[in-house]
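These notes are about the structure you will find just below.
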Amino acid sequence: MFNETLVILQRELWKAFAQTFVMMGISFVLSLILGLALGFVLYLTETPAFYPKKSLNAVAAAIVNFIRSIPFIILVVFTLPFTFWLVGTKIGPIAASVPMTISATVFLARLVESSLKETDPGVIEAALASGARPWLIIRKVLLVEAAPSIARAVTVVFINLIGASAMAGMVGGGGIGNLAVQYGYYRYETGVMLFTIVVLVIVVQLSQYLGDKVAKHLSH
Amino acid sequence: MSESIRFNRVSVAFSNQGKTFTAVDKVTLAVNKGEFFGIIGPSGAGKSTLVRTVNLLQRPTSGNVYIDGQDVTSYKGRELSALRLRIGMIFQHFNLVRNSTVADNVAFALLASGTQKAKIRPRVLELLKLTGLSDKADLYPAALSGGQKQRVAIARALANNPEILLCDEATSALDPENTADVIAALRDIKAQYPLTVLFITHQEQVARSLFDRIAVMERGRIVEQGTAYEIFAHPQSKAAQDLIARSHGTEIPKEVAASLQDLLVITFREEHAYDALIAETSRKFGTDLSIIAGRIDYIQGKPLGTLVVSLGGLDPKKRVQVLAFIAERAWIQPYKKEEFDV
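If you read the protein sequences in the order shown, they are chains A and B.
FYI, the numbering for the first sequence is 46 to 265, going by the numbering used here.
FYI, the numbering for the second sequence is 511 to 852, going by the numbering used here.
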């Protein structure tokens with residue numbers, strides 16, 4: 046069994062790694078940008094000191110809640126037509142990164158919103174009293190004060206994405222999640238499954254460690 | 511003297527679950543240019559709400575606020591930001607950006623005014639020197655004492671050379687030592703710059719040592735105003751009397767006060783602060799006044815003497831004569847025992 050495991054890993058592992066890397070890379074970078082932006086939209090449109098816009102806030106919040114209520118595995122299937130329209134295919138790592146991006150974006154947006162809400166209102170008030178325009182306050186006060194908390198939020202979303210990549214892999218995305226299911230589950234190659242678990246545990250531990258390190262560096 | 515700030519029938523009302531609470535009630539008040547003006551009063555009197563209408567952190571429900579004769583009540587957007595550049599403000603809890611260095615906290619105000627990049631650092635260092643924090647530029651607020659944090663906030667508030675400095679309970683979160691530290695910094699700055707300061711506090715000690723003029727606020731209204739000396743020497747309103755009596759140095763242990771009869775607080779008018787009034791009274795009327803407590807304060811450099819005496823046992827006719835004689839040179843108030851029964 047041990048030999049067989051090695052053979053399979055030698056043949057499949059690098060391809061699986063590459064696929065996971067593509068899925069994770071695309072969805073992490075995109076959701077980071079979109080999630081931060083959406084998080085700020087949620088916060089800024091709700092806060093009287095910035096750009097209070099009830100209608101926009103309500104729409105954004107409703108969309109976020111709608112997507113957040115769909116379990117990821119169902120979201121993958123639900124978004125298939127959209128994915129096909131967008132990237133021209135329904136399978137492979139690039140297709141998988143579409144629902145992954147959507148799911149991670151709304152998740153991160155909510156976490157960023159709550160990080161921003163924790164900013165001491167007195168500090169924002171002092172910035173307003175300084176005569177600063179909203180954009181300066183966003184960059185130099187909100188972003189700076191919420192940075193440690195946002196770093197922790199990004200860590201949570203990244204680790205969540207690793208889980209999502211495994212699920213997306215199962216429904217045609219490829220990657221190490223797919224490897225575990227294809228061999229570990231359908232072909233009873235427990236060794237392959239155990240190996241992927243070890244890899245994932247290491248990656249998650251490392252991500253959390255790095256995320257904590259960054260958050261600590263940003264907070265004073 | 512021209513006016514720096516004028517409140518014209520300013521009211522601020524908050525409504526909560528259908529109930530309306532009037533925090534500031536038709537306040538009309540003028541602060542002159544270059545003055546150190548204090549608003550004192552018990553907490554919940556509406557002082558903070560009133561001062562926040564100056565830079566429109568709080569918009570008045572009705573009435574108008576004038577800065578330099580200009581009605582600013584309806585300012586918005588860029589116009590409002592431009593106004594705020596002319597008005598520095600410091601707060602009870604300092605409100606510094608925790609994750610920015612001292613220098614960056616001060617630099618923020620300069621960014622707000624669109625100062626050229628190259629001029630920011632030198633100006634920041636100049637401001638930190640002014641507030642005695644030259645060696646703290648690259649530290650984070652967490653490494654500073656309360657007094658130092660407030661001095662950073664002062665440096666930030668003064669960055670754009672404002673005409674007005676608003677201080678909202680700026681020393682109330684500090685221990686006496688740090689309070690003295692901040693007061694010294696403000697005095698020092700006031701001596702060097704033509705700044706109008708509007709300072710809100712419930713701390714009578716701060717009022718005594720800083721203010722030129724004082725307005726006393728109670729339940730949203732200004733109940734009394736005058737020079738600091740007038741207010742401390744001869745408070746008219748109950749709010750002012752309470753505030754001043756509470757820490758007048760005339761607190762006498764309750765048991766002692768209870769055992770004595772006919773206790774009076776005698777406050778000497780300025781020119782008589784050094785007079786040997788009690789000795790003279792004793793000689794003239796052949797009677798003894800027992801002094802229970804006393805002190806001399808200096809407000810704006812003028813002496814203010816206060817004594818608590820007991821006239822217990824004096825016959826009524828003589829008592830009237832004695833009081834008339836003293837009243838020529840001093841104010842007399844009954845000592846309020848119940849004030850201290852806390």
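Cβ atoms here follow ideal geometry from the backbone N, Cα and C, with glycine treated the same way.
Let me confirm a value: R723/B is counted as buried when at least 16 other C-beta atoms fall within 10 Å, else exposed. Which label applies? By 1-based counting over the second sequence, the position of residue 723/B is 213. That one is buried.
Do you know how far the Cα of D685/B is from the Cα of F850/B? Translated into positions along the second sequence, residue 850/B becomes position 340. Translated into positions along the second sequence, residue 685/B becomes position 175. Note on F850/B: pLDDT 44, under 50, position unreliable in the model; the coordinate value appears next. F850/B and D685/B have their C-alpha atoms roughly 23 Å apart.
By how many angstroms is the C-alpha of G587/B removed from the C-alpha of L251/A? Here residue 251/A corresponds to residue number 206 of the first sequence, with the count starting at 1. Here residue 587/B corresponds to residue number 77 of the second sequence, with the count starting at 1. C-alpha separation (whole angstroms): 46 Å.
Contact list for the region 241-264 of chain A against chain B, Cβ threshold 8 Å: From the region 241-264 of chain A, only L263 and S264 have a Cβ closer than 8 Å to chain B.
Start and end residues, alpha helix (DSSP H) containing V612/B: To locate residue 612/B, count along the second sequence from 1; it is residue 102. Bounds of the alpha helix (DSSP H) holding V612/B are V612 to A622.
Round the Cβ separation of V143/A and I207/A to the nearest angstrom and send it over; I've been treating them as touching at under 8 Å. Position 98 of the first sequence, counting from 1, holds the residue named residue 143/A. Position 162 of the first sequence, counting from 1, holds the residue named residue 207/A. A Cβ-Cβ separation of about 17 Å leaves V143/A out of contact with I207/A under the 8 Å criterion.
Closest by C-alpha distance to G815/B, when choosing among K659/B, A840/B and E673/B: The residue labelled residue 815/B in the question sits at position 305 within the second sequence. Restricting attention to K659/B, A840/B and E673/B, the CA atom closest to the CA of G815/B is found in A840/B.
What is the DSSP secondary structure of E849/B, counted as helix, strand or coil? Residue 849/B sits at position 339 when you count from the first residue of the second sequence. Note on E849/B: pLDDT 48, under 50, position unreliable in the model; the coordinate value appears next. Taken through DSSP and simplified to helix, strand or coil, E849/B comes out as helix.
Please report the distance separating the alpha-carbon of R113/A from that of V202/A. Sequence index remark: in the first sequence, residue 113/A carries index 68 (1-based). Sequence index remark: in the first sequence, residue 202/A carries index 157 (1-based). The alpha-carbon separation between R113/A and V202/A amounts to approximately 13 Å.
Based on the DSSP output, what are the partners of L708/B in its beta bridges? Within the second sequence, the letter at position 198 stands for residue 708/B. Residue pairing by DSSP places L708/B opposite F547/B and L676/B in a beta bridge.
Given a threshold of 16 other Cβ atoms within 10 Å of its Cβ, counted over all protein chains shown, does D581/B qualify as buried or as exposed? Working through the second sequence from its first residue, we reach residue 581/B at position 71. So D581/B counts as exposed.
Could you give the residue range of the beta strand (DSSP E) that holds D535/B? For the purposes of this step, residue 535/B is identified with residue 25 of the second sequence, where counting begins at 1. D535/B: member of the beta strand (DSSP E) spanning K529 to N542, first to last residue.
Which residues of chain A have a Cβ atom closer than 7 Å to the Cβ of L595/B, listed in chain order? The count along the second sequence starts at 1 and reaches residue 595/B at position 85. Those are G176, listed as they occur along chain A.
Would you mind telling me which residues of chain B sit closer than 9 Å to K98/A, beta carbon to beta carbon, in chain order? Counted from its first residue, the first sequence places residue 98/A at position 53. Correct list: empty, because the minimum Cβ distance to chain B is about 15 Å.
Answer with yes or no whether the minimum CB distance from M727/B to chain A is below 8 Å. Sequence index remark: in the second sequence, residue 727/B carries index 217 (1-based). The Cβ of M727/B sits no closer than 8 Å to any Cβ of chain A.
Beta-carbon neighbours of F601/B, restricted to chain D and to distances below 8 Å: Protein chains in the displayed structure are A and B, and chain D is not among them.
Are the C-beta atoms of A192/A and some chain B residue less than 8 Å apart? For this step, residue 192/A is matched to residue 147 along the first sequence. It does; some Cβ of chain B falls within 8 Å.
Would you kindly work out how many angstroms separate the C-alpha atoms of D678/B and A103/A, rounded to a whole number? As a first step, residue 678/B must be located in the second sequence, where it is residue number 168. As a first step, residue 103/A must be located in the first sequence, where it is residue number 58. Distance between the alpha carbons of D678/B and A103/A: 36 Å.
R633/B: first and last residue of the uninterrupted alpha helix (DSSP H) it sits in: Along the second sequence, one-based indexing puts residue 633/B at 123. In the DSSP assignment, R633/B falls within the unbroken alpha helix (DSSP H) covering K627 to L640.
Given a threshold of 16 other Cβ atoms within 10 Å of its Cβ, counted over all protein chains shown, does E190/A qualify as buried or as exposed? Working through the first sequence from its first residue, we reach residue 190/A at position 145. Burial state of E190/A is buried, judged by a 10 Å Cβ sphere holding 16 or more other Cβ atoms.
Can you give, in chain order, each stretch of the beta strand (DSSP E) that sits fully within the region 678-742 of chain B and has at least 3 residues? Fully enclosed beta strand (DSSP E) runs of 3 or longer: 706-711, 723-728 and 731-737.
Compare the beta carbon distance of I550/B and V775/B with 8 Å and say whether it is the shorter of the two. As a working note, residue 550/B is residue 40 in the second sequence. As a working note, residue 775/B is residue 265 in the second sequence. The answer is no: Cβ separation not under 8 Å.
Assign V852/B to buried or exposed, taking buried as 16 or more other Cβ atoms, counted over all protein chains shown, within 10 Å of its Cβ. The residue given as residue 852/B occupies position 342 in the second sequence. The pLDDT assigned to V852/B is 35, lower than 50, so where the model puts this residue is not dependable; a value taken from the coordinates is nonetheless given after this. When all chains shown are included, V852/B counts as exposed.
Using three-state DSSP, classify Q771/B as helix, strand or coil. Mapped onto the second sequence, residue 771/B falls at position 261. When DSSP states are grouped into helix, strand and coil, Q771/B belongs to the coil group.
Tell me whether R113/A sits in a helix, a strand or coil according to DSSP, three-state version. Along the first sequence, read from residue 1 onward, the residue named residue 113/A stands at position 68. The three-state secondary structure of R113/A, taken from DSSP, is helix.
What does the alpha-carbon distance come out to for the pair V733/B and T681/B? In the second sequence, counting from the first residue as 1, residue 733/B sits at position 223. In the second sequence, counting from the first residue as 1, residue 681/B sits at position 171. Cα-Cα distance, rounded: 23 Å.
Using a Cβ-Cβ cut-off of less than 7 Å, list which residues of the region 618-636 of chain B approach chain A; keep chain order. Cβ contacts with chain A come from F618, A619, L621, A622 and S623.
Compare the C-alpha of L566/B against each of V132/A, V226/A, I118/A and E170/A and name the closest. Here residue 566/B refers to the residue found at position 56 of the second sequence. In terms of Cα proximity to L566/B, the closest of V132/A, V226/A, I118/A and E170/A is E170/A.
So, does the CB of V186/A fall closer than 8 Å to a CB anywhere in chain B? Here residue 186/A refers to the residue found at position 141 of the first sequence. Closer than 8 Å to some Cβ of chain B, the Cβ of V186/A qualifies, so yes.
contact_flag[the region 191-199 of chain A, the region 152-160 of chain A] where n(CB pairs < 8 Å) is 3 or more: Output reads yes: the region 152-160 of chain A touches the region 191-199 of chain A.
Is T90/A closer than 8 Å to A105/A when the C-beta atoms are compared? Here residue 105/A is taken as the residue at index 60 of the first sequence, counted from 1. Here residue 90/A is taken as the residue at index 45 of the first sequence, counted from 1. Taking the C-beta atoms as reference points, T90/A is found nearer than 8 Å to A105/A.
Please list the residues of the region 195-213 of chain A that have a C-beta atom closer than 8 Å to any C-beta atom in chain B, keeping them in chain order. Listed in sequence order: no entries.
Quick one: residues in its chain with C-beta nearer than 8 Å to the C-beta of Y96/A, no 5 flanking neighbours on either side, listed in chain order? Translated into positions along the first sequence, residue 96/A becomes position 51. Residues of the same chain with a CB within less than 8 Å of the CB of Y96/A, apart from the 5 flanking positions on each side, are L89, T90 and P179 in chain order.
Once the 5 residues before and after K659/B are set aside, which same chain residues still bring their CB inside 8 Å of it? Here residue 659/B refers to the residue found at position 149 of the second sequence. Excluding five sequence positions before and after K659/B, the CB atoms of its chain that fall closer than 8 Å to its own CB belong to F604, L606 and P651, given in chain order.
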